[in-house]
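Asks: As numbered in the numbering used here, residues 260 to 443 make up the sequence shown, in order. The beta carbon of each residue, even a glycine, is placed where N, CA and C say it ideally should be. Below: one structure in structure tokens.
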Amino acid sequence: MTRTQNRRPLALIAALAISFVLHLLPFLPLADFGQKSASTAAPLLQAELRPPPSSVLPPPPPLKLTDPPAPKAAHAANPKPLPHVEPATPKTAKSWTQVVREHLRRLDSEGQFYPPESIARGEQGEVLVLMLLDENGKVSAARVEQGSGYPLLDAAALRAVRSLSSLPADAPRQVVLPVRFRLR
Numbered sequence: 260m261t262r263t264q265n266r267r268p269l270a271l272i273a274a275l276a277i278s279f280v281l282h283l284l285p286f287l288p289l290a291d292f293g294q295k296s297a298s299t300a301a302p303l304l305q306a307e308l309r310p311p312p313s314s315v316l317p318p319p320p321p322l323k324l325t326d327p328p329a330p331k332a333a334h335a336a337n338p339k340p341l342p343h344v345e346p347a348t349p350k351t352a353k354s355w356t357q358v359v360r361e362h363l364r365r366l367d368s369e370g371q372f373y374p375p376e377s378i379a380r381g382e383q384g385e386v387l388v389l390m391l392l393d394e395n396g397k398v399s400a401a402r403v404e405q406g407s408g409y410p411l412l413d414a415a416a417l418r419a420v421r422s423l424s425s426l427p428a429d430a431p432r433q434v435v436l437p438v439r440f441r442l443r
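So, in structure tokens, the structure goes:
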């Protein structure tokens, strides 16, 4: 062996040792060598809650009700009978969730909701569909947020949500709908 061949392993070992030490240097300030210093402990934070001042605002003055003015004599001499008007019964407006449920039930009763192939295979599951509505309450976009594990059910849920017509004004512009497929 020559003298340069003997130096190569020593040079390699020295280079590795220097590299190791250099890589450990940034971690030395983080090392705790069993010394606990009192200066590094953060002081405890103490808070005190104070009640609000009792006299924030003076109480508002009481409201006084005034009597309506007395009817004039000219109107009292010639009273006209008022026509009988039925009290208006407000129609109970359907919420957007009721509209969605009724639409999905209608599709199911028409056989357009649950894919026949999925029924034959016994596939069941829940699909979370993100539905976006435009300003008129119509579905502008829909996508599967979480699938059921069955592509046929995922596609059927998207078809059902996209087939929704205009939803009431109380519908949010963006909502995640759970569409459940259960065999009975």
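Is Ala401 closer than 7 angstroms to Val386 when the C-beta atoms are compared?
Replies: Counting from one through the sequence shown, the residue named residue 386 turns up at place 127. Counting from one through the sequence shown, the residue named residue 401 turns up at place 142. Not in contact: Val386 and Ala401 (Cβ atoms no closer than 7 angstroms).
Asks: Do Trp355 and Leu423 have their CB atoms nearer than 7 angstroms?
Replies: Taking the sequence shown and counting its residues from 1, the one referred to as residue 355 is at position 96. Taking the sequence shown and counting its residues from 1, the one referred to as residue 423 is at position 164. Not in contact: Trp355 and Leu423 (Cβ atoms no closer than 7 angstroms).
Asks: Round the Cβ separation of Leu411 and Pro374 to the nearest angstrom and send it over; I've been treating them as touching at under 8 angstroms.
Replies: The residue labelled residue 411 in the question sits at position 152 within the sequence shown. The residue labelled residue 374 in the question sits at position 115 within the sequence shown. Confirmed, about 5 angstroms.
Asks: Can you check whether the CB of Asp393 is closer than 7 angstroms to the CB of Val403?
Replies: As a first step, residue 403 is located in the sequence shown; it is residue number 144 there, counting from the start. As a first step, residue 393 is located in the sequence shown; it is residue number 134 there, counting from the start. Going by C-beta atoms, Val403 is not nearer than 7 angstroms to Asp393.
Asks: What's the call for Ala415, buried or exposed, on a 16-neighbour Cβ count within 10 Å?
Replies: Position 156 of the sequence shown, counting from 1, holds the residue named residue 415. The residue in question, Ala415, is buried, as its Cβ has 16 or more Cβ neighbours within 10 Å.
Asks: Going along the chain, which residues of its own chain have a beta-carbon closer than 7 angstroms to the beta-carbon of Glu376, five neighbours each way excluded?
Replies: Counted from its first residue, the sequence shown places residue 376 at position 117. Closer than 7 angstroms at the Cβ level, and outside the excluded window around Glu376, lie Leu411.
Asks: Pick out whichever of Leu417, Leu366, Gly370 has its Cα sitting closest to the Cα of Leu391.
Replies: Residue numbering aside, residue 391 sits at position 132 when the sequence shown is read from its first letter. Leu391 has its Cα closest to that of Leu417, out of Leu417, Leu366, Gly370.
Asks: Are Gly381 and Tyr409 close, meaning C-beta to C-beta below 7 angstroms?
Replies: Position 122 of the sequence shown holds residue 381. Position 150 of the sequence shown holds residue 409. Result no, Cβ atoms of Gly381 and Tyr409 do not sit closer than 7 angstroms.
Asks: Within its chain, find whatever has a CB closer than 7 angstroms to the CB of Ala471; leave out the 5 residues flanking it on each side and keep chain order.
Replies: Since the first residue of the chain shown is 260 and the last is 443, residue 471 is not available in this structure.
Asks: To the nearest angstrom, how far is the alpha carbon of Pro285 from that of Val398?
Replies: Here residue 285 is taken as the residue at index 26 of the sequence shown, counted from 1. Here residue 398 is taken as the residue at index 139 of the sequence shown, counted from 1. Distance between the alpha carbons of Pro285 and Val398 is about 57 angstroms.
Asks: Put Pro437 into one of helix, strand or coil per three-state DSSP.
Replies: Here residue 437 refers to the residue found at position 178 when the sequence shown is read from its first residue. Correct three-state label for Pro437: strand.
Asks: Would a C-beta distance cut-off of 7 angstroms place Arg389 and Val435 closer than the cut-off?
Replies: Here residue 389 refers to the residue found at position 130 of the sequence shown. Here residue 435 refers to the residue found at position 176 of the sequence shown. Contrary to the premise, residue 389 reads as Leu rather than Arg in this sequence. In this structure, Val435 lies closer than 7 angstroms to Leu389 by Cβ.
Asks: For Gln405, report the span of its beta strand (DSSP E) as first-last.
Replies: Along the sequence shown, read from residue 1 onward, the residue named residue 405 stands at position 146. Start and end: 398 to 405.
Asks: Kindly list the residues whose CB is nearer than 6 angstroms to the CB of Arg441, restricted to its own chain and excluding five residues on each side of it in sequence; keep chain order.
Replies: Start at 1 with the first residue of the sequence shown, and residue 441 comes out as number 182. Within the same chain, Arg441 has close Cβ partners Gln383.
Asks: Measuring only the C-alpha atoms, how far is Arg364 from Glu307?
Replies: The residue given as residue 364 occupies position 105 in the sequence shown. The residue given as residue 307 occupies position 48 in the sequence shown. Cα to Cα, the separation comes out at about 57 angstroms.
Asks: What are the boundary residues of the beta strand (DSSP E) that includes Leu417?
Replies: As a working note, residue 417 is residue 158 in the sequence shown. Here Leu417 belongs to no beta strand (DSSP E); instead the alpha helix (DSSP H) covers 410 to 421.
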